[in-house]
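Enquirer: Following our numbering, the numbering of the sequence shown begins with 167 at its first residue and continues without gaps. Yeah, the Cβ is synthetic: ideal placement off N, Cα and C, and Gly gets one too. Nothing here was measured: the structure is a model prediction, and the numbers come from that model. My questions all concern the structure below.
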Amino acid sequence: MSTFSLFTIPTLPHHTSYAPSHTLSLLSPSSMNLLKLHHIPRRLSAVTFRRISISAAAVRQDTNLWSTTPLISVSPEAESLFHISIDVSDYPELASSYTKPGQYLQLRVPNVEKPSFLAIASPPKVAVNKGVFEFLVKSVSGSTAELLCGLNRGDAVELSQVMGNGFDLNQISPAETYQTVVIFATGSGISPIRSLIEAGFGADKRSDVRLYYGARNLKRMGYQDRFENWASSGVKVVPVLSQPDNAWKGERGYVQAAFSRAKNIFTPQSTGAVLCGQKQMAEEVTSLLVADGVSTEKILKNF
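Here's what the structure looks like:
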């Protein structure tokens, strides 16, 4: 799904600028006039920011839906991909409502009502312990995501409530029973997969955990600095490049093709899968797994 910009609500796993019409009018006209985020300086001191947030929250009728909070950092992660950290320490209920890898939320930037849907990349413990949400965002020209990636430390954004049921890990638990788990991600779809891996799902207790991660080339592949740690947790990372340079010795093409070449699923009854990425990839991988005897209930998605 790294290339998605418009799609229907069932496909919201990482980020998009699309939002249904009813989400664009969550603020009443009076509340919108009161806030007028474009009249608030883009960079705020901590004290000033809190005063504005508290004053606005006191009169807004939808404070349970949107929280105004500052950016901690915006930094390049890979070509067209940005690592974004947001301070949610003033909203402990929002932080604690994020309980499962794969959950997501909506984000708005000043002067733009159309939100982006973003999967939370950091594991839930980071939100609770540090008061931080982290995201991996693809900058798509003309989108809210592009505007977000152009902001700076201290700039104010609005977050919705945390949404979605996340990955239902109960379907592939306990680890001793489901020894094989194959994970598939493309582009920014690695965002909730990072949360899954770093939150822990007993990978070290399973005999075969593989992550097929697809990107155009290494310049577009995020989180490469985390691969070693993921491997030490029990996850074998298999990068798959669709347009690599001549020096690339690893898997080529698409993740579904790389998996089809390898397969090695000997006991489908004890196999689970996790998918996050392009729709075509998810459909083709699902077909391959089902054909091998893996139950659709054991194929987890975050939407």
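Roughly how many angstroms lie between the CA atoms of V278 and T234, to the nearest whole one?
Expert: Translated into the one-based positions of the sequence shown, residue 278 becomes position 112. Translated into the one-based positions of the sequence shown, residue 234 becomes position 68. About 14 Å.
Enquirer: On a Cα-Cα basis, can you pick out the residue from S255, E463, A439 and Y270 that is closest to V401?
Expert: As a working note, residue 401 is residue 235 in the sequence shown. When only C-alpha atoms are compared, the closest one is A439.
Enquirer: Fully enclosed by the stretch 331-394, which beta strand (DSSP E) runs are 3 residues long or longer?
Expert: DSSP runs (the beta strand (DSSP E)) wholly in the stretch 331-394: 346-352 and 374-381.
Enquirer: Within the present structure, is the beta-carbon of A381 separated from the nearest heavy atom of the ligand ZN by less than 8 Å?
Expert: Among the ligands in the structure shown, none appear at all, so the ligand ZN cannot be discussed.
Enquirer: Kindly indicate which three-state DSSP category E279 falls into: helix, strand or coil?
Expert: Counted from its first residue, the sequence shown places residue 279 at position 113. Looking at E279 - three-state DSSP - the assignment turns out to be coil, as it is neither helix nor strand.
Enquirer: Please report the residue range of the alpha helix (DSSP H) in which V456 lies.
Expert: Your numbering for residue 456 matches position 290 in the sequence shown. Note, V456: alpha helix (DSSP H), K445 to A457.
Enquirer: Could you compute how far the alpha carbon of E312 sits from the alpha carbon of K445?
Expert: One-based indexing of the sequence shown puts residue 312 at position 146. One-based indexing of the sequence shown puts residue 445 at position 279. Those two C-alpha atoms are separated by around 22 Å.
Enquirer: Take the Cβ of R427 as the centre, count every other Cβ of all protein chains shown within 10 Å, and call the residue buried at 16 or more, exposed below.
Expert: Along the sequence shown, read from residue 1 onward, the residue named residue 427 stands at position 261. Burial call: exposed.
Enquirer: Please identify the residue among D458, F248, L260 and N430 whose C-alpha is closest to the C-alpha of V306.
Expert: Along the sequence shown, read from residue 1 onward, the residue named residue 306 stands at position 140. Among D458, F248, L260 and N430, the Cα nearest to that of V306 is on F248.
Enquirer: Return the CA-CA distance between N331 and N383, expressed in angstroms with no decimal places.
Expert: Counting from 1 along the sequence shown, the entry for residue 331 is found at position 165. Counting from 1 along the sequence shown, the entry for residue 383 is found at position 217. Near 32 Å, if we compare the C-alpha coordinates of N383 and N331.
Enquirer: Report yes if the C-beta distance between Q272 and F283 is below 9 Å; otherwise report no.
Expert: Counting from 1 along the sequence shown, the entry for residue 272 is found at position 106. Counting from 1 along the sequence shown, the entry for residue 283 is found at position 117. In this structure, F283 lies closer than 9 Å to Q272 by Cβ.
Enquirer: Is it right to say K422 is buried, meaning 16 or more other beta carbons lie within 10 angstroms of its own, or is it exposed?
Expert: Walking along the sequence shown from the start, residue 422 turns up at place 256. With the sequence shown as reference, residue 422 is identified as Gln, and Lys is not the correct amino acid for it. So Q422 ends up on the buried side.
Enquirer: Provide the residue span of the alpha helix (DSSP H) that contains V292, from first to last.
Expert: Against the sequence shown, residue 292 aligns to sequence position 126. Element bounds for V292: P290 to K296.
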